[in-house]
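I have placed the structure first, in the form of structure tokens, so that the comments after it can refer back to it.
There are 2 protein chains.
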Amino acid sequence: MTGTGTDQALLTVGDLSRATGVAPSAVRFYEAHGLLTSERTAGNQRRFREPDVCRTKVITVAQRVGLSIAEIRTLFAELPADPALADWQHLTERLVEEADRRMRRLRRVLDEITSGAKLCELPHTS
Amino acid sequence: MTGTGTDQALLTVGDLSRATGVAPSAVRFYEAHGLLTSERTAGNQRRFREPDVCRTKVITVAQRVGLSIAEIRTLFAELPADPALADWQHLTERLVEEADRRMRRLRRVLDEITSGAKLCELPHTS
DNA sequence: CTTGAACTTCAACATTTGTTGAAGTCAAGC
DNA sequence: GCTTGACTTCAACAAATGTTGAAGTTCAAG
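Each protein sequence line maps, in turn, to chains A and B. Residue 1 is where the first sequence starts when you use the UniProt record's numbering, and the numbers rise one by one after that. Residue 1 is where the second sequence starts when you use the UniProt record's numbering, and the numbers rise one by one after that.
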């Protein structure tokens with residue numbers, strides 16, 4: 001009975017920050033806004049788990065897609081506590097879909113201003 | 001010699017707002033930040049010109065592309081005072097290019113998280 | 001144990017992109 | 001020429017997304 005099975009690597013704020021490139025202040029901010037959760041040590045320090053590295057990276061990507069913190073929270077709402085690979089895949093799939101939707105919307109607007117052409121009337125230089 | 005040539009329609013803030021769907025406060029904001037310019041009446045009220053309708057619409061689209069006010073100001077820096085059709089076309093071309101660049105960058109990031117796959121390590125459930 | 005780096009909370013600040021309201025002025029129709 | 005709606009400026013507020021700093025605590029190494 002050597003292993004208890006709970007050899008989970010616990011990460012400090014600094015560890016998570018280094019693992020993701022996100023500033024410690026931002027990590028705390030994300031936790032305060034429900035995007036990350038942590039346990040606490042006896043001395044009240046945060047300890048994150050490995051999936052939080054992934055969550056944090058997803059946050060970064062989702063922000064690039066244009067999602068707000070609130071929207072990312074909603075996105076994460078579907079994610080189980082200890083996600084399996086399939087769960088991550090499903091999540092990124094949804095994220096990609098959302099990105100596609102937004103890019104298509106943008107493309108439509110761009111098409112309007114290039115081909116629709118009524119955006120800018122010429123000054124009637126008679 | 002009937003026309004003086006200066007039958008330019010002059011637009012109040014409200015006119016421009018109605019023509020573009022942008023709030024009057026936003027119009028003033030854009031002017032304060034150098035995206036629009038106006039003349040003033042004897043009584044100190046703003047009077048815009050037709051091209052400003054187009055500029056304002058471009059501002060809206062550029063924001064959807066993700067440009068900041070400062071970036072839009074830079075974009076407009078190339079635009080002559082009284083732009084011809086070709087100038088508008090050039091501008092929208094640049095805007096579309098920028099949008100494409102941004103979408104390609106985003107696409108790369110998305111590809112990384114879907115195919116690159118090293119984003120999320122599986123918890124080693126032995 | 002002690003020490004130094006890393007952690008804690010909390011409040012204040014920073015930036016962007018505007019909106020709102022107060023107090024006052026202008027323009028246009030009757 | 002008066003009235004009324006639209007305009008003016010300016011300051012304060014707002015919401016999102018964090019960062020910074022102060023004051024104090026904890027963790028790990030020696």
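The beta-carbon is built from N, C-alpha and C at its ideal position, and this holds for glycine as well. As the structure is a computational prediction, the values presented were derived from the model and not from experiment.
I want to verify the contact list: residues of chain A whose CB lies under 7 Å from the CB of residue i, in sequence order.
i: residue 114 of chain B; result: 92, 96
Looking only at its chain, what residues have a beta carbon closer than 8 Å to the beta carbon of residue i, apart from the 5 residues adjacent to it on each side?
i: residue 2 of chain A; result: Below a pLDDT of 50, predicted positions are generally treated as unreliable, and residue 2 of chain A, at 47, falls in that range; the measurement from the model is reported next regardless. Closer than 8 Å at the Cβ level, and outside the excluded window around residue 2 of chain A, lies no residue.
i: residue 47 of chain B; result: 10, 11, 12, 38, 39, 40, 41
i: residue 73 of chain A; result: 33, 34, 35
i: residue 97 of chain B; result: none
i: residue 50 of chain A; result: 8, 9, 11
Against chain A, does residue i count as a neighbour if the rule is that its beta carbon must be under 7 Å from one of theirs?
i: residue 27 of chain B; result: no
i: residue 13 of chain B; result: no
Closer than 7 Å by C-beta to residue i: which residues in its own chain qualify, once you throw out the five before and the five after it? Chain order, please.
i: residue 17 of chain B; result: 23, 24, 27
i: residue 80 of chain B; result: 87
Taking CB distances under 7 Å as the criterion, tell me whether residue i reaches chain B.
i: residue 22 of chain A; result: no
i: residue 18 of chain A; result: no
i: residue 64 of chain A; result: yes
For residue i, which residues in chain B fall below 7 Å Cβ to Cβ?
i: residue 99 of chain A; result: 106, 110
Considering Cα atoms alone, identify which of the options is closest to residue i.
i: residue 101 of chain A; options: A:66, A:35, A:51, A:14; result: A:66
i: residue 35 of chain B; options: B:75, B:11, B:10, B:13; result: B:75
i: residue 29 of chain A; options: A:63, A:49, A:78, A:69; result: A:69
i: residue 89 of chain B; options: A:114, A:14, A:20, A:83; result: A:114
Which residues in the same chain as residue i place their Cβ atom closer than 6 Å to its Cβ, once the five residues preceding and following it in sequence are excluded?
i: residue 99 of chain A; result: 65
Counting Cβ pairs closer than 8 Å, one from the region 89-98 of chain B and one from the region 46-61 of chain A, do we hit at least three? no
Cβ contact (3+ pairs, closer than 8 Å) linking the region 100-117 of chain A and the region 41-53 of chain B: no
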